[in-house]
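What follows is one structure encoded as structure tokens, with my remarks underneath.
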Amino acid sequence: MVDLGIMVFRQKNVNGSFKPHLSVKFRSDEGELLTFSIDTTRTPAKYPQPDAYLITHAHSDHNGKSAMLSDRAICSDKTARALEIRHDKTYKGRTMELGASTEVNGVKVSTYPNFHTAGSTAFYWENDVGTRILVTGDVKDASQLPDCDVLITEANYGDPGDTTCYFDDDIQGFTNALQDNACVAFGAYAFGKAQRAVELMRSCGYNGAVEMEEKSLQLTRCLLDDAGDLAGIGESCGDPVCVVPPWDLDKLPSGMTKYVMTGRSDYRYPAIQISDHLDARGLTDMVRELDPELTVVYHPGGHRPGRFASHLNSGGFNAIAIDRISNVLSNEFI
1 MVDLGIMVFR QKNVNGSFKP HLSVKFRSDE GELLTFSIDT TRTPAKYPQP DAYLITHAHS
61 DHNGKSAMLS DRAICSDKTA RALEIRHDKT YKGRTMELGA STEVNGVKVS TYPNFHTAGS
121 TAFYWENDVG TRILVTGDVK DASQLPDCDV LITEANYGDP GDTTCYFDDD IQGFTNALQD
181 NACVAFGAYA FGKAQRAVEL MRSCGYNGAV EMEEKSLQLT RCLLDDAGDL AGIGESCGDP
241 VCVVPPWDLD KLPSGMTKYV MTGRSDYRYP AIQISDHLDA RGLTDMVREL DPELTVVYHP
301 GGHRPGRFAS HLNSGGFNAI AIDRISNVLS NEFI
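For the sequence shown, UniProt numbering begins at 1 and goes up steadily by one.
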């Protein structure tokens, strides 16, 4: 990493445990030493702060609930709004439209879509030696991501030895479920999957009202530009099409046909495979296409980052997983 002019490290909490995810230390063109913390919790104010908290999206395992309270937070305008709706707090950092750029202490930080959730963002910048650094966050579609020298990415479905890490979205199954049932409900998480459900409905030609529980409704109205006719549960006329969190399906009338949008098999209702992530093949193809000198796998917890890094190494790529990264900084960066 020193040859690339970066140091990827993990910070510790006051109690000695590791903070979530990781940070990147590098120098700007002016030689200033900077730190960008990625999808992590805030450092207490009495301790040295990073120059930026990069928030890739508003899912809770990316810790925006904490980082959004810092004026050093950076995310897309839609991610900021999603954080405010989800956590009933005011976002205090800076925002930009997805695809725009911002400047942090003389470093231009560009943003790219990864299509994981509405507003989810990949961040890109260069250091003093010209190393191109890309932080993807979670990825559904890597087609618009730029080439890079250091790729910092996810492995939610990155274990090539696990059959559940290989899948294709069942768009036809979703379409059939919508078109074949006059009164149908889909179980989908309020942020991310619920908006995807509405997008799929509109893309397959359904123009009627979609009933949603309160939080899903608020997020969808705010985040989707062409959501169409949306209503609260029980507010539309005729046979409803509903989108509610999976655990709320039991609250709907027993006569409704019910599905869960998931790859899991532990729900009582039929599952329709719709994922907001790349599978193991897609993640590998992304790395192959971007062709970085180094890939750092930082998410999620558990064994999958290590399995994905090992898979990349066996295929000729240089990769390291978060559990192999310490909190010890090279003296060249101090």
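The beta-carbon is built from N, C-alpha and C at its ideal position, and this holds for glycine as well.
Burial state of residue i, where buried means 16 or more other Cβ atoms lie within 10 Å
{"i": "ILE334", "result": "Residue placement at ILE334 is poorly supported in this model, since its pLDDT is 38, which falls under 50; the coordinates are not used for a value here."}
{"i": "TYR47", "result": "exposed"}
{"i": "THR40", "result": "buried"}
{"i": "THR121", "result": "buried"}
{"i": "ALA172", "result": "Here residue 172 turns out to be Gln, not Ala, going by the sequence shown. When all chains shown are included, GLN172 counts as exposed."}
{"i": "THR164", "result": "exposed"}
{"i": "ASP279", "result": "buried"}
{"i": "ARG288", "result": "exposed"}
{"i": "LYS78", "result": "buried"}
{"i": "ARG196", "result": "buried"}
{"i": "VAL109", "result": "buried"}
{"i": "ASN15", "result": "exposed"}
{"i": "VAL129", "result": "exposed"}
{"i": "PRO246", "result": "buried"}
DSSP state of residue i mapped onto helix, strand, coil
{"i": "THR41", "result": "coil"}
{"i": "CYS242", "result": "strand"}
{"i": "LEU224", "result": "coil"}
{"i": "ILE209", "result": "It is worth fixing the name first, because residue 209 is Ala in this sequence and not Ile. It is coil, neither helix nor strand."}
{"i": "ALA319", "result": "strand"}
{"i": "GLY302", "result": "coil"}
{"i": "ASN331", "result": "Because the pLDDT at ASN331 is just 41, under 50, the model does not fix this residue reliably, and the point stays unresolved."}
{"i": "GLY173", "result": "helix"}
{"i": "ALA231", "result": "strand"}
{"i": "GLY187", "result": "strand"}
{"i": "SER23", "result": "strand"}
{"i": "PHE308", "result": "helix"}
{"i": "VAL260", "result": "strand"}
{"i": "VAL198", "result": "helix"}
{"i": "VAL14", "result": "coil"}
{"i": "LEU283", "result": "helix"}
{"i": "LEU178", "result": "helix"}
{"i": "ILE294", "result": "The question names Ile, but residue 294 is Leu in the sequence shown. Looking at LEU294 - three-state DSSP - the assignment turns out to be strand."}
{"i": "LEU33", "result": "strand"}
CA-to-CA distance, residue j to residue i, given in whole angstroms
{"i": "THR131", "j": "TYR189", "result": "38 Å"}
{"i": "ALA227", "j": "GLY315", "result": "42 Å"}
{"i": "VAL297", "j": "ALA118", "result": "23 Å"}
{"i": "residue 338", "j": "HIS57", "result": "The displayed coordinates of the chain run from 1 to 334. Any statement about residue 338 would go beyond what the structure contains."}
{"i": "PHE191", "j": "CYS75", "result": "16 Å"}
{"i": "ALA194", "j": "ARG94", "result": "26 Å"}
{"i": "PHE34", "j": "ASP3", "result": "Note on identity: in this sequence residue 34 is Leu, with Phe being the wrong assignment. For LEU34 and ASP3, the distance between alpha carbons rounds to 17 Å."}
{"i": "GLY301", "j": "ASP276", "result": "18 Å"}
{"i": "ARG27", "j": "ILE6", "result": "8 Å"}
{"i": "ASP266", "j": "VAL260", "result": "10 Å"}
{"i": "PRO292", "j": "ALA309", "result": "13 Å"}
{"i": "ASP169", "j": "LEU83", "result": "27 Å"}
{"i": "MET201", "j": "HIS311", "result": "37 Å"}
{"i": "VAL244", "j": "GLY208", "result": "17 Å"}
{"i": "LYS25", "j": "ALA231", "result": "47 Å"}
{"i": "PHE317", "j": "GLN218", "result": "43 Å"}
{"i": "ALA67", "j": "ILE133", "result": "21 Å"}
Sequence-distant residues of the same chain with beta carbon closer than 6 Å to residue i, five excluded per side
{"i": "ALA142", "result": "MET286"}
{"i": "residue 369", "result": "With the chain covering 1 to 334 only, the question about residue 369 has no answer from this structure."}
{"i": "GLU30", "result": "GLY106"}
{"i": "PRO146", "result": "TYR124"}
{"i": "ASN313", "result": "ALA319"}
{"i": "ASN63", "result": "PRO20, ASP39, THR40 and THR41"}
{"i": "ARG10", "result": "PHE18, LEU22, ILE325 and ASN327"}
{"i": "ASP159", "result": "CYS165, ARG304 and ARG307"}
{"i": "TYR157", "result": "CYS165, HIS277, ASP279 and ALA280"}
{"i": "THR136", "result": "ASN114, ALA122 and THR153"}
{"i": "HIS87", "result": "LYS65"}
{"i": "VAL104", "result": "ASP51 and ALA52"}
Same chain, Cβ closer than 7 Å to residue i, neighbours up to 5 away in sequence not counted
{"i": "VAL328", "result": "At VAL328 the pLDDT is 44, less than 50, meaning the model places this residue with poor confidence; the figure from the coordinates comes in the next sentence. Cβ neighbours of VAL328 beyond the five flanking positions: none."}
{"i": "ASP248", "result": "GLU213"}
{"i": "SER70", "result": "ARG42, TYR53, LYS92 and GLY93"}
Nonlocal neighbours in the same chain, by C-beta distance under 8 Å from residue i, ignoring five residues either side
{"i": "GLY99", "result": "THR111, TYR112 and PRO113"}
{"i": "CYS242", "result": "VAL184, ALA185, PHE186, VAL210, GLU211, MET212, ILE233, LEU252 and MET256"}
{"i": "SER101", "result": "LYS108, VAL109, SER110 and THR111"}
Would you list, in sequence order, the uninterrupted beta strand (DSSP E) runs of no fewer than 3 residues that lie entirely inside the UniProt domain "Metallo-beta-lactamase" (44-159)? Listed in chain order, the complete beta strand (DSSP E) runs (minimum 3 residues) inside the UniProt domain "Metallo-beta-lactamase" (44-159) are 52-54, 73-76, 94-96, 101-104, 107-113, 121-126, 132-137 and 150-154.
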